[in-house]
Amino acid sequence: MSKWVPQDERAFVASIIFPGALIGHVAASYLAHPLMQLAGWEAMLSFALRRMTWIRCLGRRISAAFHSGLVLLAILDISRYIHLSYLPYVCMWIFALIFGFASYILVARGFCSIKFIRKFSTSFAAVGSSLCIILIAYSGCNAVLATFWMFLGMMVLGAYYSGVMINMLDMNPNYAGTMIGVVDNIAINSVLLLPMTDQMWWDDVRKNGYPTNWKNGLFPTEALIGENGETVFKPRRDAETSEDKL
C-alpha cells in the first residue's frame, strides 16, 4: 500500500484491506456452533493447539486452582448468544468502510488535510471507545444498556483504520512492513501480561472487596490512552520528493 496507493486514498483503501481480519472473527464465531454440533465441543480444541505453549507456561502461574465459574461454560447455550460474539465485529467493519470512504471524500474535495484526517480518526476511535468503556462500568445491572455501549465502543474503533493503522505507511513507506511487524509484535506480547494482571486484581478483590469508587480509576487510564493515541506526521514527509511526484 505504501508504494501503489496515493497518500490521500490510503484511508479508504486501508478500511477495505485491514478490516478483512474482522471477517475471520465473524466466521469463527458463526461456524463454532455448527462445528461443535457435528464433531462435538472437543473439535474446537484442535484450533487452539498453537496456544498450548503459553497455556503451559502461564496457566499455573495465573492460578493454582481453576475457578469454579468455568463450569458455566459447560451449560452456556452458544446458539442463543452467538450473535453477541460476532455482531460487534460486523459493526466495526461497516463503520470502518463508511469512515474510510468519508475520509477520502473530505480529503479529495479539499475540506481538510490528510494530517487532520489521520489525527482526527485516531483521536475519535481512542476517545469514543474509552467513553464507551466508562459507560459500560456505569451501566450497573442493565444488560441491554451495557451491551449497547459495548457494541458502540467496538464500532467506533473502526476509525483506527483511517488513522494510526496506516501511520507507518506515511512515516516511512520504504520500511512500512518492518515497522508494522515490530509494533504489532510489541502489542501482541504485551497482552501476555493481562492474565497475570487480571488475576492479581481479582485476588485483591476477594480479600478486600471492591475499592471505593473503583470506576473513577477508568478516567485517568482512558485519558492517557486518548492523549497518546494521536498520530503525527514526520516533518520529512511534508516535503515533496521525486517519488511523491511519480
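Residue 214 in full-length UniProt numbering sits at position 214 of the sequence shown; the count goes up by one each step and never skips.
We put the CB at the ideal spot given by N, CA and C, even for glycine.
Taking the Cβ atoms as the reference, residue 103 lies roughly 4 Å from residue 11, within the contact range of under 8 Å. In terms of CA proximity to residue 19, 162 leads the group 162, 29, 6 and 167. Counting along the chain, the unbroken alpha helix (DSSP H) around residue 131 starts and ends at 114-137. Each of 148, 117, 154 and 207 was checked against the Cα of residue 8, and the nearest Cα belongs to 117.
The beta-carbon distance between residue 148 and residue 87, rounded to whole angstroms, is 11 Å. This is too long to meet the 8 Å contact definition. For residue 136, the CB contacts under 8 Å within the same chain, skipping 5 residues up- and downstream, are 146, 149, 150 and 153 in chain order. DSSP places residue 4 outside both helix and strand once states are collapsed to three, so it counts as coil.
The C-beta distance from residue 125 to residue 156 rounds to 6 Å, short enough to fall under 8 Å. Here residue 148 carries a helix assignment [DSSP, helix/strand/coil]. Of the other Cβ atoms in all chains shown, 16 or more fall within 10 Å of the Cβ of residue 95; this residue is therefore buried. A distance below 7 Å between beta-carbons, with the five flanking residues on each side excluded, links residue 106 to the following residues of its chain, in chain order: 112 and 117. In this structure, DSSP gives residue 142 a state outside helix and strand, which the three-state scheme calls coil.
Between residue 160 and residue 122, the C-beta spacing is below 8 Å.
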